[in-house]
Amino acid sequence: MTVEFGDESLLASLRAGDPAAYETLVRTCAPQLLSVCRRILRDEEDARDAVQETFVNAWRGLPGFGEGSRLSTWLHRIAVNASLMKLRARRRRPEEPIEDLLPTFVEDGHQTRPSEPWMEPADLAMDRKQLQEVVRKAIDRLPETYRLVLLLRDIEGLATAETAEVLGVTENAVKLRLHRARQALRTLLDPVLRGGAP
Amino acid sequence: MICREFIALLDIYRTREAPEDQLLLCERHLAVCASCRAYLDSYEKTIALGRAACLDLEGPVPEDVPEDLVQALLTLRPRDS
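Protein sequence lines, in the order shown, are assigned to chains A and B. Numbered per the numbering used here, the first sequence finishes at 228, counting up by one with no gaps. Numbered per the numbering used here, the second sequence finishes at 543, counting up by one with no gaps.
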């Protein structure tokens, strides 16, 4: 069943406590929300818990949900926050350094190893699904602090200010981490994609 | 400008957030440095590949929600609201 989340009648039915509207919301939104929570948490049980917390929090917050907002966007933000809360509750592991994945330079400021053009993904000797798996594994190899910023900014689409707020850091820290995370991911993907014509 | 400086500014160069004089220096560096042109292109591709890998932009929603989770979610709705 296709649902338009901006549909006011769905919102009105939800606010009226209509169980059918709630089931529609669950069946339509849960797949996307579970994807978001899995990406952030990388643990199936934690992701399922975070989805449940998302719906509990959404249900509680429904009376305050602003007219004109998109229900799907609102739920997405709640799912991101629920996942981050779970991450914070986990025992902190020592942060891995990212320096080994950043570009290096010789004394005169040139790159130690000149960058080579990348091939177009369509020209690789692997299909789209295989490449996506390679990229997902590379993202998972990023140190947690950097992986999170990359996910929130580049994948989940949060603004710099929003990312800074949910992570409890400054906007400048978000920008710096994002730049480093992208550089590190580029380094990890370089052996796969290097070799294209200039 | 040298490669180290360009790569440090790369992100605010591509989003045009850098001051005008720095943007100009970046443009001049790119015009003469094939390595940094390749780096910039691969940086842009990295962002696009990350997005496509996680969001599967060309395909359907990849996840199926286990029915037991759906049933658990359905029990969360307060009955007396």
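All residues carry an ideal CB built from backbone N, CA and C; glycine is no exception.
Terminal residues of the alpha helix (DSSP H) in which residue i lies
| i | result |
| --- | --- |
| A/Met115 | 101-119 |
| A/Ser65 | 49-71 |
| A/Asp184 | Unbroken run through A/Asp184: none, as it is neither H nor E. |
| B/Thr508 | 496-517 |
| B/Ile464 | No alpha helix (DSSP H) holds B/Ile464; DSSP gives it neither H nor E. |
| A/Thr200 | It is not in any alpha helix (DSSP H) - A/Thr200 carries neither H nor E in the DSSP assignment. |
| A/Asp76 | 74-91 |
| A/Val164 | 158-170 |
| B/Asp530 | 529-536 |
| A/Leu41 | 38-45 |
Residue j beta carbon less than 8 Å from that of residue i
| i | j | result |
| --- | --- | --- |
| A/Ala112 | A/Ala80 | yes |
| A/Val110 | A/Val66 | yes |
| B/Val545 | A/Arg107 | In this structure chain B extends from 463 to 543, so residue 545 of chain B is not present and cannot be described. |
| B/Val527 | A/Leu161 | no |
| A/Val165 | B/Leu511 | yes |
| B/Ile469 | A/Pro133 | yes |
| A/Glu186 | A/Ala194 | no |
| A/Thr190 | A/Lys205 | yes |
| A/Leu55 | A/Leu44 | yes |
| A/Trp148 | B/Ser504 | yes |
| B/Ile464 | A/His209 | no |
| A/Val30 | A/Leu114 | This structure does not reach residue 30 of chain A, given that chain A is present from 31 up to 228, and the question cannot be answered. |
| A/Leu215 | B/Thr508 | yes |
| B/Arg539 | A/Tyr176 | no |
| B/Arg478 | B/Leu487 | no |
| B/Ala480 | B/Leu471 | yes |
Residue i - partner residues in DSSP beta bridges
| i | result |
| --- | --- |
| A/Arg224 | A/Trp148 |
| A/Phe135 | A/Gln141 |
Buried/exposed call for residue i, threshold 16 Cβ in 10 Å
| i | result |
| --- | --- |
| A/Ala60 | buried |
| B/Val494 | exposed |
| A/Arg171 | exposed |
| B/Pro522 | For B/Pro522, the pLDDT reaches just 49, beneath the cut-off of 50, and the residue's location in the model is therefore unreliable, although a value from the coordinates is still provided. Answer is exposed; the Cβ neighbour count stays below 16. |
| A/Asp157 | exposed |
| B/Tyr475 | buried |
| A/Ser145 | buried |
| A/Thr142 | exposed |
Inter-residue CB distance, residue i and residue j (contact presumed, cutoff 8 Å)
| i | j | result |
| --- | --- | --- |
| A/Asp184 | B/Arg513 | 6 Å |
| A/Pro173 | A/Glu126 | 4 Å |
| A/Leu101 | A/Leu41 | 7 Å |
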